[in-house]
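Going by numbering that gives the first Met the number 0, the first residue of the sequence shown is number 0, and it counts up by one from there.
Ideal Cβ placement from N, Cα and C applies to all residues, glycine included.
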Amino acid sequence: MAHAPEPDLAASDLGEERPKWDNKAQYFLSCIGFAVGLGNIWRFPYLCQTYGGGAFLIPYLIALVFEGIPIFHVELAIGQRLRKGSVGVWTAISPYLSGVGFVEECQGSSAVSYFWYRQTLNIAADINDSGSIQWWLLLCLAASWAVVYMCIIRGIETTGKVIYFTALFPYLVLTIFVIRGLTLPGATQGLIYLFTPKMHILQNPQVWLDAATQIFFSLSLAFGGHIAFASYNSPRNDCQKDAVVIALVNSMTSLYASIAVFSVLGFKATNDHEHCLDRNILSLINEFDFPEQSISRDDYLAVLMHLNATWPKRVAQLPLKVCRLEDFLDKSASGPGLAFIVFTEAVLHMPGAPAWAVLFFGMLFTLGLSTMFGGMEAVITPMLDMGVLPRWVPKEALTGLVCLACFLFATCFTLQSGNYWLEIFDNVAASLNLLILAFLEVVGVAYVYGMKQFCDDIAWMTGRRPSPYWRLTWRVVSPLLLLTIFVAYITLLSQKPLSYRAWNPKYELFPARQEKLYPGWVLTTCVLLSLLPLLWVPGVALAQLLTRRRMWRDRDARPDTNTS
């Protein structure tokens, strides 16, 4: 097929002096590393578990096809075509869209929970109690940002080298865990639990909302990192193929990680279930003077039913627990808890636990590191494009200042209440911003930049015009889906007060976490965290309008020098 003629917009600004990737593999792995992150390891498996595994995959795949891939294609295509970071891209599309680019505890709990909540986090019992900065967390935070700085010090020139390890190492570890996990007793039960659909759950609107927002977190949409990465591509790169392949690799990684996680969690649940049965069996043997090992796990239910029928009062006085395998599979934790508590407890039961722990947490570190590359590039690239600092200031200095600012901002997470704030940022602050910014992205490209212009750009870059699927999703399906999700999100927030689960040793049901409502000042902070990034959009648009009006007034007031 013959190439379409080169469009006029940005035809003279192809970024000849702009850095470029050394090869396609660096770009591909950088996008994969940015998209594939900690959410693939703990958020996706947790949502699968919460919403019945196979049932959750249905809205997830629908959101992927009609929301994730189309918007991902927009970001890669517009970044590659205009050869700018996020701010520069939206300024080129329309100056009024410039703002879119800114954006007794030890006895009561398990050993792992106690180590995580008390010794590691030293967490407060209430979010009102900020507590003090935990120096060991502060040192870890400083060390992490130092590693990030060293890896991104010269942009893609350094991240392109490091990404080979940080993007590929997690897949090696996941493969090792998949192989090991599938050989563990109970792995089959874990996978059955994961993939058995509970279709009635699809009637819950929350599952559709979580599936849609998971796409944003999973693909790292609307953060600006993919636009920055794509801006360093060759103008003739096949961005459509990249969008589809990277999105599918990312989703398959989530599923692959879930197989590793649930095979290990199935092992843990089976182990806990057997211990529960053993404790009940021991109680029966001691109460009724049965010979040792006279009751097997398989015979336990039959023996219990017989004793209940013959000696109901004696059985009722025993401290017997309800031992159902599904109950142990249900016991999970969202966010960091899945990785640092549930999965860690499972690893402890595996032979050679220290080696497995090193592999697992090494994988988490590299996942976070490669994701940060894209996040930092989303900030630094627009600043370089706009010339925030004088040209004589080296790029290393700008990168260092951004890393230092991020480090100082993140010190709030090292407080004793820091974990509660981490949950706020993860569950509240980011979701609304991403939904609205993604809506503005797709509407800005389809209706402000223009569908014909955008299709011409893609035809010039790839040699083929977008199919009806792409045009329909960009024009209608994706904007409507995003708008529907936004309305549903606001509706759900208004119906149920925001709450958090506190680690409170004085709670009567401890070690269960106590459900508490957020105080008023925290809710106000949540609103500000959600709105402040979005205020850049109308704020910048208003500034552009006032600037243009002043320019028009000055032009009209200027005397006509040609008349005498």
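Are the beta-carbon atoms belonging to residue i and residue j less than 7 Å from one another?
| i | j | result |
| --- | --- | --- |
| Y231 | P18 | yes |
| T413 | L137 | yes |
| N236 | Q79 | yes |
| V73 | V444 | yes |
| A221 | A540 | no |
| G130 | A141 | no |
| P204 | A487 | yes |
| L193 | C47 | yes |
| F216 | H272 | no |
| C322 | L276 | yes |
| S262 | G180 | yes |
| Y419 | I126 | yes |
| A259 | E376 | no |
| N599 | H199 | Since the displayed the chain opens at 0 and closes at 563, residue 599 lies outside it and no answer follows. |
| V447 | I92 | yes |
| V341 | A356 | no |
| R464 | C454 | yes |
| D384 | G159 | no |
| G224 | F364 | no |
| E344 | V177 | no |
| I77 | V88 | yes |
| L368 | T165 | yes |
| Q316 | N121 | no |
Just to confirm the assignment, what range does the beta strand (DSSP E) spanning residue i have?
| i | result |
| --- | --- |
| E514 | 513 to 516 |
| Y499 | 498 to 501 |
With 16 other CB atoms within 10 Å as the buried threshold, where does residue i fall?
| i | result |
| --- | --- |
| I191 | exposed |
| S257 | buried |
| P44 | buried |
| Y468 | exposed |
| P389 | exposed |
| H305 | exposed |
| F359 | buried |
| L491 | exposed |
| D12 | Unreliable positioning characterises D12 in this predicted model, as indicated by a pLDDT of 45, which lies under 50. A coordinate reading is not provided. |
| S430 | buried |
| M0 | Only weak support is given to the placement of M0: the predicted model assigns it a pLDDT of 43, under 50, and the value that follows is read from those uncertain coordinates. Classification for M0: exposed. |
| W475 | Here residue 475 turns out to be Val, not Trp, going by the sequence shown. That one is exposed. |
| S595 | Shown here, the chain extends from 0 to 563; a query on residue 595 therefore has no answer. |
| L545 | exposed |
| C402 | buried |
| R82 | buried |
| V102 | Model confidence at V102 stands at a pLDDT of 49, short of 50, so the residue's coordinates are unreliable and nothing is read from them. |
| Y517 | buried |
| R549 | exposed |
| F339 | buried |
| T174 | exposed |
Check for me: the alpha helix (DSSP H) holding residue i runs from which residue to which?
| i | result |
| --- | --- |
| W20 | That residue, W20, is in no alpha helix (DSSP H); it is neither H nor E in DSSP. |
| W89 | 85 to 92 |
| M149 | 134 to 151 |
| G180 | 155 to 181 |
| T187 | 186 to 194 |
| N418 | 417 to 423 |
| S129 | No alpha helix (DSSP H) contains S129, which DSSP labels as neither H nor E. |
| P44 | 37 to 49 |
| F216 | 204 to 218 |
| V111 | 110 to 113 |
| C322 | C322 -> no alpha helix (DSSP H), and no H or E assigned at all. |
| A409 | 394 to 409 |
| L530 | 519 to 556 |
| E344 | 342 to 347 |
| E376 | 352 to 385 |
| Y59 | 53 to 62 |
| P510 | No alpha helix (DSSP H) holds P510; DSSP gives it neither H nor E. |
| I226 | 224 to 229 |
| R80 | 68 to 81 |
Inset, instruction - Give a yes or no on contact between the region 168 to 176 and the region 249 to 263, applying the rule of three or more CB pairs nearer than 8 Å. - result: yes
Legend entry - the region 239 to 246 contacting the region 148 to 157, beta-carbon criterion three pairs below 8 Å: no
Inset, instruction - Take every Cβ of the region 56 to 71, pair it with every Cβ of the region 203 to 216, and state whether three or more of those distances are shorter than 8 Å. - result: yes
Inset, instruction - Could you tell me which uninterrupted alpha helix (DSSP H) segments, each at least 4 residues in length, are contained entirely in the region 427 to 492, listed from first to last along the chain? - result: 429 to 442, 450 to 461, 467 to 471
Inset, instruction - Go through the region 234 to 316 residue by residue and report every complete run of the beta strand (DSSP E) that reaches 3 residues or more, in order. - result: Counting only runs of 3 or more, we get nothing.
Inset, instruction - Count the CB pairs spanning the region 186 to 206 and the region 261 to 274 that are closer than 8 Å, and state whether there are at least three. - result: yes
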